[in-house]
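Written out below as structure tokens is the structure these notes cover.
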Amino acid sequence: MSLADQIRADAAGLTDFAESVTYRPYGGEPVTLTATYIDRNPIGPIGTDGGRARRFKAVIGIPRSALATVTARQDQVTIATEFGGTTTATYYVTEVVEQNDPGLWHIGILK
């Protein structure tokens with residue numbers, strides 16, 4: 000098994016912080032997926048002025064095995080507003096934050 004295959008298998012099995020999300024691809028039907036993590040307070044990189052800015056409302060990790068493609072600025076995701084909560088909100092996918100991870104999509108979302 001290659002390292003990339005091992006990473007894919009590990010990503011699909013991450014459940015410690017897993018949450019159910021509803022993903023609506025642009026022009027498609029919504030599907031319920033298990034996100035391996037949702038970072039609801041992501042901090043951006045340090046800027047030239049030494050400050051940090053929030054680029055996203057949240058960053059979500061979804062196994063690539065569960066989602067074939069992601070279309071930034073058109074797809075939507077509905078998540079709980081807090082870990083384990085029942086109140087939900089819908090956001091647009093604004094960016095694929097990390098494209099080189101063979102196991103997970105790392106997706107940035109905003110209203």
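According to numbering that gives the first Met the number 0, the sequence shown is numbered sequentially starting from 0. Note that the Cβ used here is the ideal one computed from N, Cα and C, for glycine as well.
Contact annotation: residue 78 and residue 59 have beta-carbon atoms nearer than 8 Å. Only residues of its own chain outside the window of five on either side were considered, and among them 10, 35, 60, 61, 62 and 63 have a CB closer than 7 Å to the CB of residue 103, listed in chain order. For residue 72, DSSP records no beta bridge to any residue. Annotation: residue 1 to residue 55 spans about 33 Å, alpha carbon to alpha carbon.
In this structure residue 109 is in contact with residue 91, their Cβ atoms being roughly 6 Å apart against a cut-off of 8 Å.
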